[in-house]
Each structure stands twice: as C-alpha cells, then as structure tokens.
Amino acid sequence: MLPANIRLDDEDDDEPDKKEKMADHGEARDKTAAIEERLFKARTVLIYGGIDQKLAREVSARLLALQSAGDDPITIYINSQGGHVESGDTIYDMVKYVKPEVRMVGTGWVASAGALIYAAAKRENRFSLPNTRFLLHQPSGGAMGSASDFAIQAKEILRMRRRLNEIFAAETGQPLERIEKDTERDYWMSAQQAVEYGLVGKIVQNATQIT
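Okay, so the sequence shown: first residue is 174 according to the working numbering, each after it adds one.
So, in structure tokens, the structure goes:
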C-alpha cells in the first residue's frame, strides 16, 4: 500500500500552470484587441513583414472598413522586405480605390513589392522616417515544367517588369529608361536619396510633421 501522501501522477501539479498559461494567452488577446481598436480609431494601418495574400486581404479589409467609417485621411506605416507582386498589386490598387486620402510612412526598409505599395499614395502624402532604406528591383520567379512553360513564365515576368517600371516612372517622375536601368540590379536608396528620386515626398522626425 502506498503512503497517503504519494500520488501516481502529477496532473494536479500541472493544473495551476495550465490555468496560468491560459490566463496569459487571454490577457495577450485582450491587449492585442485593445491595440487594434486604438489603431482603428486613429485610422492607422500597419504593413509589417512579407507581402502575401493573407496580408493583402487584411489590409484591404481595414481600408474598406475605414472608408465606411468616415472620410478622414488614413495613415499606413510600412516596413516590408517585399513579397508576392500580385499581393502588392492588390494593396496598391486598394489604396488608389478608397475615397479617403492615404498617407504612407516608410520605416525600417521599404523594398520590392513594399515599395510598390508605398508608391500608391500621392507624392505629397509619402513620408519617411530618417533611417528608412528603399529598394527597387525587377521581379523574379522560378519556372518549373517544360520548356514551353518556362518560355511562358519568362514572357510574363518581362511583361510584369515593364508594367512595374511604368508605375514607378509615373509615381516618381523619373524617365522610364532611368527606371529600367536602375532596376537591372538591386537599387538601394537612403531616405534622402529617395526624396531626390521622387519616391519620397518628405522626411519626418515626428508625427506632428505628417500633415
């Protein structure tokens, strides 16, 4: 017979830890919800990380919701290494589509498809924090399958590249030939260089300068 104070399992010992973890998760969810609510009331959208379909859907939903809530300007803070071109296209078009003015604030780095999204705002509404870097380059893709499939994809990438170059030429005021030359390789710019290039409208030090 086992002594009365000895148990064969420690399930009861684990129970307080489980409850504590559940409480922590619940508290974290509450904090996240509170932050989201404050961002919505401030008409602010965050685009951080890789650009993909999930992010495109979330940003589109937020922009449409903010449009339905009023006509005051919307501010988007963007820090992105880029990602799927088509997802970037979706957000770019949605920024153009919604009725309220959209202000972009670049922070960290704004690269590739992220730069495409950033360029969707009017130039006077494109702001950058001082240490932000910008990257333009040509799209890339990996073809699989037959030689015919490879040729089709290569043709599509060239068509996509031409389209993106035309967008950046229109949004920056640079000649198309300059954009084509610069995007042959990775083209990095500091915030000041991006102002001179026509990508950034104004470098700001604090939120009061965004008007």
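Think of the CB as a built atom: it goes at the ideal place given N, C-alpha and C, for glycine as much as any other residue. Since the model is a prediction, treat every value here as computed from it, not as a measurement.
- When DSSP states are grouped into helix, strand and coil, SER363 belongs to the strand group.
- In the three-state reduction of the DSSP assignment, ILE264 falls in the helix class, which pools H, G and I.
- Among the bridge pairs identified by DSSP, MET277 is matched with ILE249, ARG299.
- Per the C-alpha coordinates, the member of LEU219, LEU308, SER313, MET277 positioned closest to SER301 is MET277.
- Counting only unbroken stretches of 4 or more residues, the alpha helix (DSSP H) elements lying wholly within the stretch 322-368 are 349-355, in sequence order.
- A contact is defined here as three or more CB-CB pairs under 8 angstroms, and the stretch 305-312 fails this definition with respect to the stretch 260-276.
- In the same chain as ALA342, and ignoring 5 residues on each side of it, the C-beta atoms closer than 7 angstroms to its own belong to PRO348, LEU349, ILE352, in chain order.
- Assigned with DSSP and collapsed to three states, LEU372 falls in coil, not helix or strand.
- If you draw a straight line from the Cα of GLY281 to the Cα of SER253, it comes to about 8 angstroms.
- Counting other Cβ atoms within 10 Å of its Cβ, SER241 stays below 16 and is therefore classed as exposed.
- Around the CB of TYR370, 16 or more other CB atoms lie within 10 Å, so the residue is classed as buried.
- Closest in C-alpha terms to LEU228, from the list ILE251, ARG216, LEU239, comes ILE251.
- Between ALA207 and THR217, the alpha-carbon positions lie close to 14 angstroms from each other.
- Taking a C-beta distance under 8 angstroms as the contact criterion, SER233 and GLY255 do not qualify as a contact pair.
- VAL218: member of the beta strand (DSSP E) spanning 217-221, first to last residue.
- Approximately 15 angstroms separates the beta-carbon atoms of THR248 and VAL283; this is outside 8 angstroms, ruling out the contact.
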